[in-house]
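Everything below concerns the one structure shown next.
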Amino acid sequence: MPPQRNPMESIQYVPISIIYYALAALTALIVYGILGSIYIMGLDFYNAVYFTIITIATVGYGDIIPLTIPQKIFSVTLALGGVGLIAYVFSLTVSVVTMTLQDTISGARIRRLMQSMNNHFILCGFGRVGSAVFKELQKRNQKSIIIEKDREIVEKELWDDPNVLAIPESAADEETLRAAGIKRARGVIITTGDDVDNLFITLTCRELNPDIWIVTRASKRENIKRLYRAGANRVISPEISGGEDIYFAAMEPTMVKITVKHDVDDIGREARIILKHGCTLEDIEYHLPEFKEPLVRKIGVSEGGELERFLKILERDP
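Using the UniProt record's numbering, the letters of the sequence shown map in sequence onto residues 1 to 318.
Here's what the structure looks like:
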C-alpha cells in the first residue's frame, strides 16, 4: 500500500531517547516531591503522594498550605517542575500529531498520483543498482514508482523529495504491485540483489500483467535461465557483464564490447510481445565475426501468423 503511518506508528519515529528522558524526568520529579513532602512538609507517605500529584498537575486544592520558607521554596520548585514537564509532554504530543497529519496528507497525495499514473516504470529495489537505474530514468524524464522493502532507505533517501513516489513494502506482494499500477505500467525493472526475491517478483508481475515488459537482475549465472522461465523479458547480471567488460578492457584496450546475444527462442518471445503492442518488425541484423558489415534480413512482420512462418524459416536458416 502507499506509504502512510497511523498514529501509533508515528510514535515510533520520535527518537526513543526523548521518551526515555521524559519518563526519567517524571519519575525523578515524583520521587523529589514525595521525599520533600515527607521531610520538609512533614506529611505522611499517603498525603505526600497526594500533595506531589496535585502540585505537579498544578491543581492545588489549598488543603495543604506551606507555611515556612523551606516549605514554600519546595512547593514552588515542585510546581515549576510540573509545569515544565507538562509543557514538554505537550510539545512532544503536538509533534506526533503533526507528523501523523503530514503523513496522512502526504499519503493521500501519493495515492492520487499513483492512481492517475500510467505508462510508467515500476522500479523494484533501491540499492546501488536500483539507484543508478533511477537516475537514468530521471535523466530521460521517465515516470516511475519505486518499491523498496527497507523502510529506512525509503525515509532517508526518497521521502524527502516530493517528486519521488516510493512504497516501503515488498515488491513480491500483489497488493503493493497493484498500488503501483502494475496494470497500467509500461514496464517493471527488478534490481534487488537477491535472485530468489527477483524470481518471486517476476512471477508475481507476470501473473498480474501477462503483457508487461520485465527486466530483472541476476547475481548468479545459473539463475539467468530460471528468471527467463519465470517470465522475464530481459535478464541482466551487472556482476557477469562487468567482469566481461573488465576482461576485454584488459585484453583488448582499443576494443569496445557492446554485444547482445539472442537465440531463436529469445527472438520469438520478444517479437510476440512487440506485436501485441501493435508494432511492426521491419528487419533483423546478424552480426557475424567473419563479416565486417552486419547482415540484415528484411522481414516486414506485422501480425502473429507471419511471425510464426518467419521463425520456422529462421530455425532452418539462422
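Beta carbons are placed, not taken as given, at the ideal position from N, Cα and C, and that holds for glycine.
Its chain contains L208 as the residues whose beta carbon lies nearer than 8 angstroms to that of R178, once the 5 sequence neighbours on both sides are disregarded; these appear in chain order. Cα atoms of T216 and F134: separation of roughly 14 angstroms, rounded to the nearest angstrom. Here the region 191 to 199 makes no contact with the region 150 to 169; the two share fewer than three CB pairs at distances below 8 angstroms. Taking a contact as a CB-CB distance under 8 angstroms, the pair I190 and G125 counts as one, their CB atoms being some 7 angstroms apart. Counting only residues of its own chain and dropping the five nearest sequence neighbours on each side, L85 has a CB closer than 8 angstroms to the CB of A22, A25, L26, L29 and I56. Its Cα nearest to that of V235, the residue I224 stands out among D44, G243, R229 and I224.
In terms of Cβ geometry, L123 and I145 form a close pair [threshold 9 angstroms].
Annotation for F121: the continuous beta strand (DSSP E) segment containing it runs F121 to C124.
Counting along the chain, G187 sits inside the beta strand (DSSP E) bounded by residues G187 to I190. Here the alpha carbon of M41 sits roughly 18 angstroms from the alpha carbon of G82.
Apart from sequence neighbours up to five positions away, the residues of its chain that approach T204 with a beta-carbon distance below 7 angstroms are A172, E174 and L177, ordered along the chain.
Ranked by Cα distance from I182, the options L158, N163, D161 and D211 are led by D211. Counted as a single uninterrupted DSSP element, the beta strand (DSSP E) harbouring A166 occupies residues L165 to I167. The alpha-carbon of K139 is positioned some 37 angstroms away from that of V97.
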